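Novice:
Numbering (the working numbering), first residue to last: 1 to 369.
1. Using beta-carbon positions only, say whether residue 318 and residue 249 come within less than 8 Å of one another.
2. Can you check whether the CB of residue 54 is closer than 8 Å to the CB of residue 375?
3. Under a three-way DSSP split, which group does residue 322 fall into?
4. Tell me which residue opens and which closes the alpha helix (DSSP H) that residue 362 is part of.
5. For residue 19 and residue 244, what's the separation of their Cα atoms in angstroms?
6. Can you give me the start and stop residues for the alpha helix (DSSP H) that residue 73 sits inside?
7. For residue 244, does the three-state DSSP call read helix, strand or coil?
8. If we count the other Cβ atoms within 10 Å of its Cβ and call it buried at 16 or more, is residue 97 buried or exposed?
9. Let me check understanding here. Comparing Cα to Cα, which of 77, 50, 26 lies closest to residue 63?
10. Just curious, the alpha helix (DSSP H) that residue 44 is in, first and last residue?
11. DSSP state of residue 27, grouped into three classes?
12. Using 8 Å as the threshold, is the C-beta distance between residue 177 and residue 304 below it?
13. With three or more beta-carbon pairs closer than 8 Å as the criterion, would you say the segment 24 to 38 touches the segment 99 to 108?
14. Assuming residue 343 and residue 282 make a contact with CB atoms under 8 Å, what is their CB distance in whole Å?
15. For residue 121, which of helix, strand or coil comes out of DSSP?
16. Just the Cα atoms here: how many angstroms apart are residue 355 and residue 290?
17. Looking at the structure shown, is residue 60 part of a helix, part of a strand, or coil, going by DSSP?
18. Rounded to a whole number of angstroms, what is the C-alpha to C-alpha distance between residue 3 and residue 110?
19. If you drop the 5 nearest sequence neighbours on each side, which residues of the same chain put their C-beta closer than 7 Å to that of residue 118?
20. In this structure, how does DSSP classify residue 211 when only helix, strand and coil are distinguished?
21. Given this structure, state the Cα-to-Cα distance separating residue 22 from residue 74, to the nearest angstrom.
22. So which of 57, 259, 89 has the shortest CA-CA distance to residue 112?
23. Pick helix, strand or coil for residue 139, following the three-state DSSP scheme.
24. Note down the Cα distance separating residue 207 from residue 164, rounded to an integer number of angstroms.
25. Distance check for residue 8 and residue 414, CA to CA, integer angstroms please.
26. Have a look at 127, 340, 66 and flag the residue whose alpha-carbon is nearest the alpha-carbon of residue 160.
27. With a Cβ-Cβ cutoff of 8 Å, do residue 326 and residue 91 count as a contact?
28. What are the start and end residues of the alpha helix (DSSP H) that includes residue 149?
29. Rounding to the nearest angstrom, what Cα-Cα distance links residue 147 and residue 196 in this structure?
30. Enumerate in chain order the residues of its own chain whose CB-to-CB distance from residue 375 is below 8 Å, with the five nearest sequence positions on each side excluded.
31. Please state the DSSP three-state secondary structure of residue 39.
32. Got a sec: is the Cβ-Cβ distance from residue 7 to anything in chain D below 8 Å?
33. Between the Cα of residue 151 and the Cα atoms of 162, 167, 166, 134, which residue gives the shortest distance?
34. Give a yes or no on whether the C-beta atoms belonging to residue 61 and residue 86 are separated by under 8 Å.
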């Protein structure tokens, strides 16, 4: 019942902002995505850059084909925005408990950067849902030894998520390091892993075929990056010459340094307190490497999920000439809020302990048993 209230609050807040903004003009990148969507759904000419991710536009295109208008499409984005609140609750129940899940989902419902982009046609809002569901299904299918369909759906979500917005590809770093740290190469003998690869292969086959049919390349975004000389290192070389090695290296930690940009200072404080939860993981990490503790493996999965996203995009900013934006790390926010919620619980438990001590002391002073 409490979660239902949080969910309705999140929906109401987004609908309020929708009523304030639904008539706004499209940004140029939004117009690119919607041009692709109308091409899919209505057959109108497409004028977008060929390296634009097309997965979100394909979803919109289906609804255009069914007769939807732009207002309905905005409501669809809001639906995904609200879904992120629900996913945060689901993750909280899976990895912690219901109290932590409720607090984290409450934080997620008012995250300003999520509210801002939930009013726009951009892939980040969708990427958060696809990334988090893929990681959740992987945990349920691989570590919890659930149905093979968990792994197949995880692979499908990763594949289509990349088609929808390339940032979902950061999940490869997350899962690869996790698997190598806990199992080395033993995961290659696990059938569940290969069910996930099957789902990924199905999705990527569709994506590569579709792009090749359109442009004669299996993934124009990669071609765009290579053609932009990223792999030749020109951007990185110029950065190193202009700024020096240390400032460029420190760029990789920009999302740690700028936490107050997307956290309120109160949430940042409880987040830092919540990190106490991972002391056992740090002190007993050898048990994770030896695969001897299910609890510490779960803790590592949670912590590395958040860290990998922050580091991945920090490294990306260090490598190329681009600018810092907190929207890049959308897939990390649910986990960051779960850690912050754990901090709230530590404070609540401490306060309750002190209350009981004061009650006991007061009874002794009054001479009561």
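Even glycine gets a Cβ: it sits at the ideal position worked out from N, Cα and C. The model shown is predicted, which means the values in this text are computed figures rather than measured ones.
Specialist: Short version:
1. yes
2. Here the chain comprises residues numbered 1 to 369, so residue 375 is not present and cannot be evaluated.
3. coil
4. 333 to 365
5. 48 Å
6. 70 to 95
7. coil
8. exposed
9. 77
10. Taken as a continuous stretch (DSSP letters only), residue 44 belongs to no alpha helix (DSSP H), as it is neither H nor E.
11. coil
12. yes
13. no
14. About 17 Å separates the two Cβ atoms, so there is no contact after all.
15. coil
16. 41 Å
17. helix
18. 14 Å
19. 14, 77, 78, 81, 125
20. helix
21. 7 Å
22. 259
23. helix
24. 10 Å
25. Since the first residue shown for the chain is 1 and the last is 369, residue 414 is missing from the structure and cannot be characterised.
26. 127
27. no
28. 148 to 164
29. 11 Å
30. No answer is possible for residue 375: it lies beyond the span of the chain, which begins at 1 and ends at 369.
31. helix
32. In the structure shown, chain D cannot be found, because there is only a single protein chain.
33. 134
34. no
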